[in-house]
Amino acid sequence: MPVDSLAVVDAFDGGFGWQAAGDEALARTSHALRTDDGLWLLDPLDAPGLDDVLAARSAGADDDPRVAGVAVCAGWHARDAAAVAARHDVPVTVPAGVDRALDHLHPPAGVDVQRVDDQLPGTDVSLRRVSPMGAWTETVCWRERDRTFYVPESLGTASPFVAGDERLGVIFYARLAPPRDALADFEPDRVLVGHGDGVFDDATAALADALAGSRKRFPRAVVENGPRAMRNLVVAALD
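If you're matching positions, the sequence shown starts at 7 in the numbering used here and goes up one per residue.
In structure tokens, the structure reads:
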């Protein structure tokens with residue numbers, strides 16, 4: 007699926023996100039977290055101008071991007087990770103359980119793939135495995151010092167995720183069994199998501215509401231999002 011431009015979103019002191027034009031069907035959002043060693047890129051989509059954006063928002067020498075790592079946090083988000091990692095001479099990090107990503111990375115020669123369990127290497131970003139349905143596994147990222155929470159798939163703000171006046175919603179396929187046990191104990195100042203813009207206002211309340219009201223609002227989600235969710239599932243499967 008070609009993309010031809012990008013827009014910066016979710017900017018805050020500890021990082022930023024970007025969305026690629028041409029990927030509107032799934033409203034995919036990638037993120038960069040600032041660390042002492044440079045930017046860690048989470049589920050990166052590639053697009054013309056990406057390296058310029060990374061360079062402008064990192065502390066690299068000679069206007070070069072300073073990228074410390076690339077992580078694939080959901081099996082469906084592997085598309086461009088290896089190409090981006092190759093350009094910046096860093097490995098692709100795949101958390102334990104996100105095994106589908108391994109079949110879709112196709113890393114160029116010289117790009118290593120490293121597996122990790124509970125933390126992004128060299129950072130204070132902790133990882134937690136989430137399995138909302140069967141073999142579907144993703145990894146959420148949590149940084150305690152600025153209470154930043156990244157959820158690649160289970161939650162989103164794009165229209166296929168939210169129902170009614172929700173600011174944050176559980177993905178359609180998991181609404182009847184939302185991952186409360188895995189997510190409810192977080193109290194974030196911001197929730198970054200892999201689909202849509204992040205939630206920066208009353209983020210903890212938005213998270214609690216999304217998890218608590220997921221099943222109750224399922225009938226409305228069927229009406230508003232059911233057909234699109236089925237189409238998006240096909241798009242993702244073919245990607």
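Cβ coordinates follow ideal geometry from the N, Cα and C atoms, glycine included.
For residue i, does the three-state DSSP call read helix, strand or coil?
i, result
"histidine 286", "Any property of residue 286 remains undetermined from this structure, which presents the chain solely from 7 to 245."
"aspartate 208", "coil"
"glutamate 144", "strand"
"proline 101", "strand"
"aspartate 158", "Correcting the residue type first, residue 158 is proline in the shown sequence and not aspartate. Note: proline 158 maps to coil in three-state DSSP."
"glycine 44", "strand"
"alanine 84", "coil"
"glycine 20", "coil"
"proline 225", "helix"
"glycine 232", "helix"
"leucine 217", "helix"
"arginine 93", "helix"
"alanine 13", "strand"
"valine 117", "coil"
"arginine 34", "strand"
"methionine 7", "With a pLDDT of 43 at methionine 7, under the threshold of 50, the predicted position of this residue should be treated as unreliable, though the coordinate-derived value follows. The answer is coil: DSSP assigns methionine 7 none of H, G, I, E or B."
"arginine 135", "strand"
Looking at residue j and residue i, is the spacing between their C-beta atoms short of 9 Å?
i, j, result
"aspartate 277", "alanine 211", "Nothing can be reported for residue 277: it is not among the residues displayed for the chain, which extend from 7 to 245."
"threonine 154", "glycine 21", "yes"
"valine 117", "proline 101", "no"
"glycine 202", "phenylalanine 224", "no"
"leucine 47", "glycine 75", "yes"
"glycine 200", "glutamate 159", "yes"
"valine 119", "threonine 99", "yes"
Restricting to Cα atoms, I'd like to know which of the options is closest to residue i.
i, options, result
"glutamate 257", "Arg149, Thr41, Arg85, Ala13", "No statement about residue 257 is possible, as the shown extent of the chain runs from 7 to 245 and does not include it."
"arginine 221", "Asp42, Ala169, Ala188, Asp203", "Ala169"
"leucine 12", "Leu161, Pro50, Val199", "Pro50"
"aspartate 19", "Asp58, Ala74, Arg40, Ala33", "Arg40"
"aspartate 109", "Leu126, Asp95, Ala84", "Ala84"
"valine 131", "Arg226, Asp42, Arg63", "Asp42"
"leucine 189", "Phe178, Gly219, Leu174, Val146", "Val146"
"histidine 37", "Arg226, Ala214, Gly204", "Gly204"
"valine 14", "Gly44, Leu32, Leu56", "Leu56"
"leucine 133", "Ala92, Arg151, Thr35, Cys79", "Cys79"
Would you call residue i buried or exposed, if buried means 16 or more other Cβ atoms sit within 10 Å of its Cβ?
i, result
"histidine 112", "exposed"
"alanine 27", "exposed"
"leucine 217", "buried"
"proline 71", "buried"
"alanine 77", "buried"
"proline 8", "Residue confidence is low: proline 8 scores 47 on pLDDT, short of 50, so the model does not pin down where it sits. No coordinate-derived value is stated."
"aspartate 105", "exposed"
"alanine 62", "exposed"
"aspartate 16", "buried"
"glutamine 25", "buried"
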